[in-house]
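Residue numbers (full-length UniProt numbering): 1 to 251.
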Amino acid sequence: MTVVVVTGGTRGIGQGLVRAFLDQGASVAYCGRTIPPDGPAEALAVAADVTDRADVRKLWDATINKFGKVDIWVNNAGMSNSRRPLWDLPPAEIDAVVGLNLRGTLHASAVVLEAMLAQGHGALWNMEGLGSNGQIVPGLTPYGATKRALTYATLAMAKELKDTPVKVGLLSPGMVVTDLLLQDYDPAELEKAKKIFNILADRVETVTPWLAAKVLAGTKNGGRVAWLTGPKAAYRFATAGFRKRDLFGDA
């Protein structure tokens, strides 16, 4: 049985991935800084901060002790910043976003890749987001910068892993309706944003089973699995006037 670890698995896309991997027959471990009591009983839940290498190692060791191996590790844990110009953001908020999204993922990747090389196999997936493809949105400078940097880092890891039994890949969920997407909008701004969200976004329960299946199927070293591709986005815009989507239950 395939053993999968998902960081940031207590909410949003991470929680959806945990449930999707379980539904598709995998053994699953996941972490969050705190673990809510209503998580799936069949999964292994570990309280861990992925910015701390010792905590990452604790999650790895707990998974090995429970399931005997780690086949797939998904670095999903991440956060966004308040939608404000860079100079209006508190220094602590900038540090938190960069610390979790980039520094945390780099440290977690270092621990996991070393352990996978020692066990002789494994696949590490890093989660892309807004900014990964060069898209620039005012007000999200720290978040977008970390995601762009993480894409570079993952492709660099792929080169470092050449001719080894370990692979890395990029996981791109597109625009998904979660707290991360909707945070920090005032009511008027959110009503405007919903027009775009209803064209391009999808619900967690729509996207995560597809992503989980693709991850379980695997990809080449340095490969990318993307839900919302450029052609798909263009098609949705072109056909938006002919189909009604309401992701928010407002209709």
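Cβ coordinates follow ideal geometry from the N, Cα and C atoms, glycine included.
Cα-Cα separation, residue i to residue j
i	j	result
D250	L89	Bear in mind that the predicted position of D250 carries a pLDDT of just 48, short of 50, making it unreliable; the figure below should be weighed with that in mind. Rounded to whole angstroms, D250 to L89 spans 32 Å at the Cα level.
V4	S109	15 Å
A156	Q24	31 Å
T141	N101	13 Å
T154	A145	14 Å
V56	R243	45 Å
V225	A188	34 Å
L124	V74	6 Å
A118	I64	13 Å
T164	L113	11 Å
A201	G174	7 Å
M116	T105	16 Å
D143	P85	The amino acid occupying residue 143 in the given sequence is Tyr; Asp does not appear at that position. Going by the C-alpha atoms only, they are around 12 Å apart.
L130	L170	13 Å
In DSSP terms, what residue i is bridged to
i	result
D163	None; D163 has no bridge partner.
A123	I72 and K167
D202	V176
V5	A29 and W73
Burial state of residue i, where buried means 16 or more other Cβ atoms lie within 10 Å
i	result
G122	buried
A158	buried
W60	buried
A238	exposed
N133	exposed
Residue i versus the options, residue with shortest Cα-Cα distance
i	options	result
R203	T7, G8, G14 and M1	G14
A41	M127, V18, V50 and V225	V18
G241	N198, N76 and A217	N198
A217	T229, D71, G78 and R83	D71
G32	V6, P209 and R53	V6
E93	M1, G78 and H107	G78
A62	R103, K167, L170 and A29	A29
W227	K58, L44, V176 and P36	V176
K167	G139, V215, S132 and D52	V215
is_contact[residue i, chain B] using C-beta, thresh 8 Å
i	result
E205	Annotation note: the requested chain B is absent from the structure, which comprises a single protein chain.
In chain order, each alpha helix (DSSP H) run of at least 4 residues that lies wholly inside the region 215 to 242
230 to 239
Hey, which unbroken runs of the alpha helix (DSSP H) at 4 residues or more fall wholly within the region 36 to 108?
53 to 67 and 91 to 98
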